[in-house]
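*Asks:* Okay, handing you the structure first.
In the working numbering, the protein residues as written are 38 to 229.
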């Protein structure tokens with residue numbers, strides 16, 4: 038075997054802290070991933086089925102990198118994974134799947150399994166009337182009843198207006214021990 042050039046491992050390199058004239062705020066790690074795609078952080082996840090699907094791609098995108106969805110999916114499954122990533126914006130799912138109060142528990146469970154989503158805003162006439170989550174469904178055995186019987190109703194919902202920062206939203210999630218918040222406008226229409 039012939040060595041083509043010098044090669045280094047992490048153990049071969051030692052970065053020693055020292056004074057620098059360059060301030061962190063003047064430093065940029067941005068780079069071009071391709072001719073048309075710029076990354077704020079040179080962080081790319083592997084296109085492997087054990088590594089990257091929508092969840093990791095979203096997390097990496099939030100940090101300025103990019104996640105490559107693997108190809109061991111059908112074209113439709115790949116498109117669905119990419120759609121999940123594209124719908125997610127700064128911690129907010131901008132186009133969530135919604136249900137009406139007339140959906141049965143059975144229908145919601147099937148939809149949850151099909152889409153891999155554990156919670157659904159419940160809307161009626163364009164207005165938010167509640168939310169149904171995996172917690173509501175977990176031990177439910179009355180499959181033919183409408184979700185309006187088990188959902189968290191509007192009066193008990195914790196919501197935020199559009200434009201709420203991620204820090205404010207996380208504080209509310211922690212305070213109320215919630216998994217998700219609904220973003221609504223003044224008319225209580227769902228925005229995310």
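Glycine is no exception: its CB is placed at the ideal position from the N, C-alpha and C atoms.
(1) For the beta strand (DSSP E) containing residue 168, list its first residue and its last residue.
(2) Put residue 176 into one of helix, strand or coil per three-state DSSP.
(3) So, are the CB atoms of residue 89 and residue 104 less than 8 Å apart?
(4) Under 8 Å between the Cβ atoms of residue 210 and residue 218?
(5) Does the pairing of the segment 71 to 85 with the segment 50 to 57 give three or more beta-carbon distances under 8 Å?
(6) Check residue 149 in the structure and name its three-state DSSP category.
(7) What is the DSSP secondary structure of residue 65, counted as helix, strand or coil?
(8) Would residue 159 and residue 138 qualify as a contact pair, given that the criterion is a beta-carbon distance under 8 Å?
(9) Is the beta carbon of residue 165 closer than 8 Å to that of residue 124?
(10) How would you call residue 188, buried or exposed, if buried means at least 16 neighbouring beta carbons within 10 angstroms?
(11) Name the residue from 193, 142, 45 whose alpha carbon lies nearest to the alpha carbon of residue 176.
(12) Is residue 223 helix, strand or coil by DSSP?
(13) Residues bridged to residue 161 by DSSP?
(14) If I follow the unbroken alpha helix (DSSP H) through residue 122, where does it start and stop?
(15) Between which two residues does the beta strand (DSSP E) holding residue 53 run?
(16) Using a Cβ-Cβ cutoff of less than 7 Å, which residues in the same chain neighbour residue 179 once the five nearest sequence positions on both sides are dropped?
(17) Go ahead and label residue 167 buried or exposed: buried means 16 or more other beta carbons lie within 10 angstroms of its beta carbon, across all protein chains shown.
(18) Assuming the contact rule is C-beta atoms closer than 8 Å, residue 184 and residue 221 should be a hit. Round their C-beta distance to whole Å, please.
(19) Does the Cβ of residue 169 have 16 or more other Cβ atoms within 10 Å, making it buried, or fewer, making it exposed?
*Replies:* On the basis of the coordinates in this document:
(1) 164 to 170
(2) coil
(3) yes
(4) yes
(5) no
(6) helix
(7) coil
(8) yes
(9) no
(10) buried
(11) 142
(12) coil
(13) 164
(14) 112 to 124
(15) Careful: residue 53 lies outside any beta strand (DSSP E) and carries neither H nor E.
(16) 142
(17) buried
(18) No, residue 184 and residue 221 are not in contact; Cβ-Cβ is about 19 Å, not under 8 Å.
(19) buried
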